[in-house]
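Residue numbers (numbering that gives the first Met the number 0), protein chains in the order written: chain A, 0 to 359; chain B, 0 to 126; chain C, 0 to 143.
For every residue, glycine included, the Cβ atom is placed at its ideal position computed from N, Cα and C.
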Amino acid sequence: MTGRQTIIPFGPQHPVLPEPIHLDLVVEDERVVSAIPSIGYVHRGLESLVDRREYQDFVFLAERICGICSFTHSSTFCQGIEGLMGIQIPQRAAYLRTMWGEYSRLHSHLLWLGLFADSLGFESLFYQAWKIRESILDEMEATTGGRVIQGVCKVGGVRRDVANSFLSGMDDRLDEIEDNMKDLTNVFLNDYTLKKRLVGKGVLSKDDAYYLGAAGPTARGSGLDMDIRSTGYLAYGDVGFKPVVEKGGDGYARCAVRCRELFQSVEIIRRVITDMPEGDVFTPVKGNPDGEYFSRSEQPRGEVIHYLKGNGTKNLAQFRVRTPTLTNIPPLVSILAGCELADVPQIVLTIDPCIGCMER
Amino acid sequence: MNMKIDSVEAADVQKIAGTMRSGGYRLVVMTCTPADEGYYITYSFEKETDLRHYRIAVAEGTTIPSIGSSYGGAFVYENEIHDLYGFTFEGMSLDFGGTFIKTSVPYPFKKKEQPAPTVTVVKEAKE
Amino acid sequence: MSSASKSPWLLHYNASSCNGCDIEILAALTPVYDVERFGIINTGNPAHADIFVVTGGVNEQNKAVLKNIYDQIPEPKVVVAVGICASSGGVFRECYNISGGVDTIIPVDVYVPGCSVRPEALIEGIVKALGVLEEKRAAMEAKK
């Protein structure tokens, strides 16, 4: 049957979206034929500021690319500058960065689980997820001083050390957080209603995920063993990291990847806390960066790449960011084609869009 | 991690993308940078841990063949480079016609005599 | 105190924020800070809203959207600029695509500083906004 086609605008201001993105949904009755995204509602152009901010100050701007993945952006940027200048950061700093990176993954995944539950109309679950998230933010605040923007990374290491007595206290609190998360993920993975809405919806095949450029949980939900943490940067090489992979390729698989990653992050934090080496947390930095570098790390949403080009002055010559959401847009467009109109909000959320990152 | 960049001819881009695609590589990123003369566009591909960079040198305003036929996801990078640097790509799988990222100034990252434009001017109060 | 100020409804719009303030607004609405116990509800519909909460410096593509949403909110309405970017443009002030604070497009009644704002500061800002809302209502009544 070929009915008349209608175009329904979705966004930029939409109850399910905390951030503005606009989709033109071409529909035939209730079925979406194709979706055309348009972005740019939060484009600021912060990459152009590199020629007006010194590389050490730019860490703060890099952190403000996105308020959710803030820590990963600042550590990726620092990692790039350190790569250009050949700086080896102290082991303790690398371990602390790993710990905070995993805490921010926990807070980001819990945030996503909450928003996802909200998009499915399950409001009490949304509140539960955010309640657990607050205890993660408390740890962040106690160790860095900031809830969502930490400002703790600097070129050559980190700004603050965490006392060993405090680290051992963290371990006990992690047990409680883990228990709470078990109850939460049990609902996401086993609830009849949620399964009904997720299983088989928005299927992304393994090949499509690979060649359309999916990253992070979106790729791992389709059976791809892709995680930059496997390369063993920072302390990930020491903790024996293995990516979480699900085969389904549907919304349920992507949700399951994130649920399982919560417990993996807790495991990594435990290992890092136990093996935390003694010593300084930063090395003094002299000179200016020169050359080109691709700095890669694993954000909660997938692989992020910071391209840095130095010219021997205090300011970088060029800075480009490729964020996981940008590269997850082609897979999103492909899974939206053919879905039901009522499923659009939850399918958009399954790729965990972070528009602030995407548009810089 | 491999930081070595191979220089190639702009006309061969589609061929390289085709070889990479049949070799099972994925497209990681396309990066545009101003060079001393003209611009560089770097294509990065990866298969497992084998990361490869290919670079083409292009003059301002050139038309570049799109690699959309090999990698369906390349359109996001190509549209972005079009909107920020002013290059035209031929044969994109999804062409936004310059509306992917709308900016207040056309092609903000294009090389200029002046540094990147500033919209707001911070006025100091004179007293 | 009129009934609207006892249970004000918020409308939130992200005018090009980095998300930091947006997630803090949501955190203020969810458990621990939980302003819903005071009857403050987040709505998605401009026609239901009393208080318009805007985050982020305004960029070129957002100007029209922001003005449009503002015009759809019924009188009396209060605008709260949340975060330093919404107040003045913040760290992004010099970016080519940012035209400055929210007050360059629509009138702002309450400014909440911080990068990102803390939920406590946000709650205080909303309480200040309630005072402004009450004043505006009184002025409207007097005109009648």
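>> Looking only at its chain, what residues have a beta carbon closer than 6 Å to the beta carbon of residue 87 (chain C), apart from the 5 residues adjacent to it on each side?
In response: Position 88 of the third sequence, counted from the start, is the residue given in the question as residue 87 (chain C). Only 100 meet the Cβ criterion.
> What are the residues that DSSP puts in a beta bridge with residue 8 (chain A)?
Replying inline: Taking the first residue of the first sequence as 1, we reach residue 8 (chain A) at position 9. Looking at the DSSP assignment, residue 8 (chain A) forms a beta bridge with A:23.
> Using CA coordinates, which residue listed in C:44, C:12 and C:138 is at the minimum distance from residue 62 (chain C)?
Replying inline: As a position in the third sequence, residue 62 (chain C) is number 63, starting the count at 1. Considering only alpha carbons, the answer is C:12.
>> Can you list, in chain order, the residues of its chain with a C-beta nearer than 7 Å to that of residue 339 (chain A)? Leave out the 5 residues immediately preceding and following it.
In response: Position 340 of the first sequence holds residue 339 (chain A). Closer than 7 Å at Cβ, skipping near neighbours: 29 and 30.
>> So, at 6 Å on beta carbons, what are the nonlocal neighbours of residue 322 (chain A) in its own chain, with the 5 sequence-adjacent residues on each side left out?
In response: Position 323 of the first sequence, counting from 1, holds the residue named residue 322 (chain A). Once the five neighbours on either side are set aside, the close Cβ partners of residue 322 (chain A) are 303, 356 and 357.
> Helix, strand or coil: which one does DSSP assign to residue 163 (chain A)?
Replying inline: Position 164 of the first sequence, counted from the start, is the residue given in the question as residue 163 (chain A). DSSP places residue 163 (chain A) in helix when its eight states are reduced to three.
> residue 103 (chain B) versus chain C: which residues are under 8 Å apart at the beta carbon?
Replying inline: Indexing the second sequence from 1 puts residue 103 (chain B) at position 104. 58, 59, 95, 96 and 98, listed in chain order.
> Would residue 64 (chain B) count as contacting chain A if we go by Cβ distances under 8 Å?
Replying inline: Taking the first residue of the second sequence as position 1, residue 64 (chain B) is located at position 65. No, because no Cβ of chain A sits closer than 8 Å to the Cβ of residue 64 (chain B).
>> Extract the residue ranges of the alpha helix (DSSP H) inside the stretch 30-60 of chain C, only unbroken runs of 4 or more that lie entirely within it.
In response: none
> From the DSSP output, which residues share a beta bridge with residue 56 (chain B)?
Replying inline: On the second sequence, position 57 is the one that residue 56 (chain B) refers to. Paired residues: B:39.
> How close, in whole Å, do the beta carbons of residue 61 (chain B) and residue 86 (chain B) come, if the pair is a contact with beta carbons under 8 Å?
Replying inline: If you number the second sequence from 1, residue 61 (chain B) lands on position 62. If you number the second sequence from 1, residue 86 (chain B) lands on position 87. About 6 Å separates the two Cβ atoms, so the contact holds.
> By Cβ distance, which residues of its chain are closer than 8 Å to residue 122 (chain A), with the 5 residues on each side in sequence left out?
Replying inline: What you label residue 122 (chain A) is simply residue 123 of the first sequence in a count that begins at 1. Closer than 8 Å at the Cβ level, and outside the excluded window around residue 122 (chain A), lie 116.
> Got a sec? Which residues, its chain only, sit under 6 Å from residue 4 (chain B) by beta carbon, not counting five neighbours each side?
Replying inline: Within the second sequence, numbered from 1, the residue matching residue 4 (chain B) stands at position 5. Once the five neighbours on either side are set aside, the close Cβ partners of residue 4 (chain B) are 52 and 54.
>> Please tell me whether residue 40 (chain B) has its Cβ less than 8 Å away from any Cβ of chain A.
In response: Here residue 40 (chain B) refers to the residue found at position 41 of the second sequence. So, not an interface residue.
>> So, at 8 Å on beta carbons, what are the nonlocal neighbours of residue 389 (chain A) in its own chain, with the 5 sequence-adjacent residues on each side left out?
In response: Lying outside 0 to 359, the shown extent of chain A, residue 389 (chain A) is not represented and no answer is given.
>> Is it buried or exposed, residue 175 (chain A), if we count other Cβ atoms within 10 angstroms and call 16 or more buried?
In response: Position 176 of the first sequence holds residue 175 (chain A). With fewer than 16 Cβ atoms within 10 Å of its Cβ, residue 175 (chain A) is classed as exposed.
> Just the Cα atoms here: how many angstroms apart are residue 190 (chain A) and residue 243 (chain A)?
Replying inline: Within the first sequence, the letter at position 191 stands for residue 190 (chain A). Within the first sequence, the letter at position 244 stands for residue 243 (chain A). When rounded, the distance between both Cα atoms is 21 Å.
> What residue from A:276, A:313 and A:345 has the CA that sits closest to residue 380 (chain A)'s CA?
Replying inline: Nothing about residue 380 (chain A) can be read from this structure; chain A reaches only from 0 to 359.
> So residue 276 (chain A) packs on residue 90 (chain A), CB below 8 Å; how close in whole Å?
Replying inline: Here residue 276 (chain A) refers to the residue found at position 277 of the first sequence. Here residue 90 (chain A) refers to the residue found at position 91 of the first sequence. Right, their Cβ atoms sit about 4 Å apart.
> Starting from residue 361 (chain A) and walking both ways along the alpha helix (DSSP H), at which residues does that stretch end?
Replying inline: This structure cannot settle anything about residue 361 (chain A), because the visible part of chain A is limited to 0 through 359.
> If you draw a straight line from the C-alpha of residue 84 (chain B) to the C-alpha of residue 51 (chain A), how long is it?
Replying inline: Position 85 of the second sequence, counted from the first residue, corresponds to residue 84 (chain B). Position 52 of the first sequence, counted from the first residue, corresponds to residue 51 (chain A). Cα to Cα, residue 84 (chain B) sits roughly 19 Å from residue 51 (chain A).
> Alpha carbon to alpha carbon, how far is residue 12 (chain B) from residue 147 (chain A)?
Replying inline: Working through the second sequence from its first residue, we reach residue 12 (chain B) at position 13. Working through the first sequence from its first residue, we reach residue 147 (chain A) at position 148. If you take the alpha carbons of residue 12 (chain B) and residue 147 (chain A), they lie about 42 Å apart.
>> Against chain C, with Cβ distances strictly below 8 Å, would residue 107 (chain B) count as a contact?
In response: Here residue 107 (chain B) is taken as the residue at index 108 of the second sequence, counted from 1. Yes, residue 107 (chain B) lies at the interface with chain C (some Cβ there is under 8 Å from its Cβ).
> Apart from the five residues just before and just after residue 6 (chain B), which ones in its own chain have a Cβ nearer than 6 Å to its Cβ?
Replying inline: The residue you call residue 6 (chain B) lines up with position 7 of the second sequence. Once the five neighbours on either side are set aside, the close Cβ partners of residue 6 (chain B) are 54.
> Does the stretch 214-229 of chain A touch the stretch 324-336 of chain A, meaning 3 or more C-beta pairs lie closer than 8 Å?
Replying inline: yes
> Do the stretch 38-48 of chain C and the stretch 77-92 of chain C touch if we need at least three Cβ pairs shorter than 8 Å?
Replying inline: no
>> For residue 179 (chain A) and residue 67 (chain C), what's the separation of their Cα atoms in angstroms?
In response: For the purposes of this step, residue 179 (chain A) is taken as residue 180 along the first sequence, with counting starting at 1. For the purposes of this step, residue 67 (chain C) is taken as residue 68 along the third sequence, with counting starting at 1. Cα to Cα, residue 179 (chain A) sits roughly 42 Å from residue 67 (chain C).
> Are any of the Cβ atoms in chain C nearer than 8 Å to that of residue 19 (chain A)?
Replying inline: Your numbering for residue 19 (chain A) matches position 20 in the first sequence. Yes, its Cβ sits closer than 8 Å to a Cβ of chain C.
> residue 39 (chain C) to residue 38 (chain B), Cα distance in whole Å?
Replying inline: Counted from its first residue, the third sequence places residue 39 (chain C) at position 40. Counted from its first residue, the second sequence places residue 38 (chain B) at position 39. Near 53 Å, if we compare the C-alpha coordinates of residue 38 (chain B) and residue 39 (chain C).
> Going by C-alpha distance, which of A:290, A:245 and A:348 is nearest residue 84 (chain A)?
Replying inline: The count along the first sequence starts at 1 and reaches residue 84 (chain A) at position 85. It is A:290 whose Cα lies nearest to the Cα of residue 84 (chain A).
>> Let's see if you can read the secondary structure: which residues bound the alpha helix (DSSP H) around residue 196 (chain A)?
In response: What you label residue 196 (chain A) is simply residue 197 of the first sequence in a count that begins at 1. Where residue 196 (chain A) is concerned, the enclosing alpha helix (DSSP H) stretches over 191-197.
>> Only counting the same chain, and skipping five residues up and downstream in sequence, which positions put a Cβ closer than 7 Å to that of residue 139 (chain C)?
In response: In the third sequence, counting from the first residue as 1, residue 139 (chain C) sits at position 140. Within the same chain, residue 139 (chain C) has close Cβ partners 74 and 75.
> Tell me, which residues are paired with residue 317 (chain A) by DSSP?
Replying inline: Translated into the one-based positions of the first sequence, residue 317 (chain A) becomes position 318. A:308, per the DSSP bridge assignment.
> If you measure beta-carbon to beta-carbon, which residues of the stretch 323-352 of chain A are closer than 7 Å to chain B?
Replying inline: 325, 326, 328 and 329
>> Against chain A, does residue 30 (chain C) count as a neighbour if the rule is that its beta carbon must be under 8 Å from one of theirs?
In response: Start at 1 with the first residue of the third sequence, and residue 30 (chain C) comes out as number 31. Yes - at least one Cβ of chain A is within 8 Å of the one on residue 30 (chain C).
> Enumerated in chain order, which unbroken segments of the alpha helix (DSSP H) with a length of 4 residues or greater are wholly contained in the stretch 55-124 of chain A?
Replying inline: 69-84 and 90-118
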